[in-house]
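First the structure, in the form of structure tokens, and then the observations on it.
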Amino acid sequence: DAGVIQSPRHEVTEMGQEVTLRCKPISGHDYLFWYRQTMMRGLELLIYFNNNVPIDDSGMPEDRFSAKMPNASFSTLKIQPSEPRDSAVYFCASSTGTGELFFGEGSRLTVL
Amino acid sequence: AQSVSQHNHHVILSEAASLELGCNYSYGGTVNLFWYVQYPGQHLQLLLKYFSGDPLVKGIKGFEAEFIKSKFSFNLRKPSVQWSDTAEYFCAVKGRSGAGSYQLTFGKGTKLSVIP
């Protein structure tokens, strides 16, 4: 079975540009999570969805960040406008209700 | 609020040494417990999990963890580490509270460096 699929794997952009990260969860998983990982702050939960509905977005750093899940097989995380401090690896993960998360390989974002 | 504490930020061991990484959590109810591993440049992968039953859980690559309910602990162990175990290890706890938030909490991680 395919795991969680993220794209792009690497993104380099300039400050002020819009960035869209994409995620396809494992089929049948009803939870989807977006995490951000940096050396300074470690692993941070940004937002999670249950059955396509955003449940907790308290980790979203500011209004420049938004996430959507239009259907059970696709989610996006958008940053507009991007800033250098947004540089990080963004992980998507999916799960059933047990707490076991299956992570994608991550999207490494560099904002110049 | 639920919390997870990993006692060591960075552990350095020589090959063949024994490993124990501490994990303590605070949560008043029943929990599911996890250890994840992140090899350099890779994503987090499940190492082992505990839901119920035998509190001594065996995972992949010779790792094991013991759930001690009275101590709210879920320490990770390996009798003899290898250079390939160099990675960051994350403990995670999910409270089984039924309806409501998902309540999955990660510890801050422990970096393990194994010296050949």
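From first to last, the protein sequence lines are chains A and B. Under this note's numbering, the residue at position 95 of the first sequence is numbered 95, and the numbers go up by one with no gaps. Whatever position you read off the second sequence (first residue = 1), add 1000 for this note's numbering. Yeah, the Cβ is synthetic: ideal placement off N, Cα and C, and Gly gets one too.
Nearest to residue i (by Cα), restricted to the options the options
| i | options | result |
| --- | --- | --- |
| residue 1005 of chain B | B:1092, B:1056 and B:1057 | B:1092 |
| residue 3 of chain A | A:90, A:109 and A:73 | A:73 |
| residue 1067 of chain B | B:1052, B:1079, B:1081 and B:1060 | B:1052 |
| residue 93 of chain A | A:11, A:46, A:40 and A:41 | A:46 |
| residue 89 of chain A | A:109, A:60, A:65 and A:95 | A:109 |
| residue 1033 of chain B | A:107, A:104, A:112 and A:100 | A:100 |
| residue 1073 of chain B | B:1018, B:1017, B:1010 and B:1030 | B:1030 |
| residue 1085 of chain B | B:1109, B:1071, B:1115 and B:1057 | B:1115 |
Inter-residue Cα distance where the pair is residue i and residue j
| i | j | result |
| --- | --- | --- |
| residue 1095 of chain B | residue 76 of chain A | 27 Å |
| residue 1075 of chain B | residue 15 of chain A | 43 Å |
| residue 84 of chain A | residue 1106 of chain B | 26 Å |
| residue 54 of chain A | residue 1087 of chain B | 32 Å |
| residue 1012 of chain B | residue 1113 of chain B | 5 Å |
| residue 1028 of chain B | residue 18 of chain A | 43 Å |
Listed by chain order, chain A residues near residue i by CB distance under 8 Å
| i | result |
| --- | --- |
| residue 1043 of chain B | 91, 103, 104, 105 and 106 |
Contacts that residue i makes with chain B (C-beta to C-beta distance below 9 Å)
| i | result |
| --- | --- |
| residue 59 of chain A | Near residue 59 of chain A there are no residues of chain B at all, since even the closest Cβ is about 12 Å away, more than 9 Å. |
Listed by chain order, chain A residues near residue i by CB distance under 9 Å
| i | result |
| --- | --- |
| residue 1111 of chain B | Going along chain A, no residue has its Cβ under 9 Å from residue 1111 of chain B, so there is no contact; the nearest lies around 11 Å. |
Which runs of the beta strand (DSSP E) fall wholly inside the stretch 1046-1072 of chain B and span at least 3 residues, in chain order?
If one requires a minimum length of 3 residues, the beta strand (DSSP E) runs lying completely within the stretch 1046-1072 of chain B are 1056-1058 and 1064-1068, in chain order.
For the stretch 21-53 of chain A, which residues have a CB atom closer than 7 Å to at least one CB atom of chain B, in sequence order?
31, 42, 43 and 48
In chain order, which alpha helix (DSSP H) runs of at least 4 residues are fully inside the stretch 5-53 of chain A?
none
Of all the residues that make up the stretch 1048-1071 of chain B, which are near chain A by a beta-carbon distance shorter than 8 Å?
Here the close residues are 1049 and 1051.
Positions along the stretch 1010-1034 of chain B whose CB lies within less than 9 Å of some CB in chain A
1031, 1032, 1033 and 1034
Just by C-beta distance, which residues in the stretch 1068-1092 of chain B are closer than 9 Å to chain A?
Those would be 1090 and 1092, in chain order.
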